[in-house]
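Structure first, then comments.
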Amino acid sequence: MKVYTKTGDKGTTALFGGTRVPKDHIRIDSYGTVDELNSYIGLIRDQEMDSHYKTILIEIQDRLFTVGAILATPQEKEVLKNGKLRLENLGIIDSDIELLENEIDKMDESLPPMTHFVLPGGHPTVSHCHIARCICRRAERLAVHLSHNEPVPEIAIMYLNRLSDYLFVLARKLSFDLKAEEVKWIPRK
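Residue 15 in the numbering used here is what sits at position 13 of the sequence shown, and the numbering runs on without skipping anything.
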């Protein structure tokens, strides 16, 4: 199978189910941003850190493939002609969100309380986490925008919201583990 198909040469692409849309369609922007986030999380996973975080990041990357598939499937194509669900055995479930919440709580236990805003940075790995957090927030905004026009499962948006929280706390935890300086944001008086 060739990587190039030439079917997108005129600025359209196919969603799951075959519907063709312009490449700048909000649905494409939504799942394309999730793909960008997934790639950036791969970069974070390639950094030196505790293997537990790497295991969780792999799980997150797997879930992001699912979120991307959900966003790439228009409602009218969710059910195949034979009556089966197109994304059968795929989905985001409550335990996916609970995993993120549990990981946030565990990391938070070993961190000093947050008393100020922190500026992103302090160590390349920490900076990568902050960039991924920003990409995640953009993916969430795009999924919400899509949901104003077409049905999007609420749990997919919830997952992206919780994931951005996870990435923020991971940045703080890695900053702590790496003994990197957390620079406080000090507003002007």
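Here a beta-carbon is modelled for each residue, glycine too, at the ideal position from N, C-alpha and C. Just so you know, these numbers come straight off a predicted model, no measurement behind them.
CB of residue i within 8 Å of CB of residue j, strictly
| i | j | result |
| --- | --- | --- |
| E156 | Q77 | no |
| A74 | L144 | no |
| V36 | G10 | no |
| Y168 | R65 | no |
| A141 | S32 | yes |
| L172 | C131 | yes |
Backbone CA spacing between residue i and residue j [nearest angstrom]
| i | j | result |
| --- | --- | --- |
| C136 | L180 | 21 Å |
| S177 | Y55 | 13 Å |
| P24 | T7 | 16 Å |
| A134 | R22 | 29 Å |
| T57 | I28 | 31 Å |
| I106 | R174 | 11 Å |
| L45 | K12 | 32 Å |
| K191 | F119 | 16 Å |
| I60 | D110 | 21 Å |
| P189 | L113 | 23 Å |
| D52 | N84 | 46 Å |
| K108 | T14 | 44 Å |
| V154 | K4 | 32 Å |
| D96 | T117 | 30 Å |
| L101 | D26 | 33 Å |
| S149 | K86 | 24 Å |
Helix, strand or coil at residue i [DSSP, three-state]
| i | result |
| --- | --- |
| L121 | strand |
| P126 | helix |
| R2 | Residue 2 falls outside the range modelled here, since the chain spans only 3 to 191, and no answer is possible. |
| V154 | coil |
| V36 | helix |
| V171 | helix |
| K86 | coil |
| A16 | strand |
| K186 | strand |
| T75 | coil |
| S112 | coil |
| H132 | helix |
Cβ neighbours of residue i in the same chain (closer than 7 Å, five flanking residues each side left out)
| i | result |
| --- | --- |
| A182 | G124, H125 and V128 |
| I62 | I43 and L165 |
| T68 | L92, G93 and I94 |
| F170 | R135 |
| E38 | I137 |
| I30 | T15 and V23 |
| V146 | I159 |
Chain D contact for residue i (CB, 8 Å cutoff)
| i | result |
| --- | --- |
| K83 | No chain D is present in this structure, which holds just one protein chain. |
Sequence-distant residues of its chain with Cβ nearer than 8 Å to residue i (five each side left out)
| i | result |
| --- | --- |
| I99 | I157, M160, Y161 and R164 |
| E103 | R164 |
Same chain, Cβ closer than 6 Å to residue i, five either side skipped, listed in chain order
| i | result |
| --- | --- |
| Q49 | T127 |
| L121 | V185 and W187 |
| R47 | K56 and L59 |
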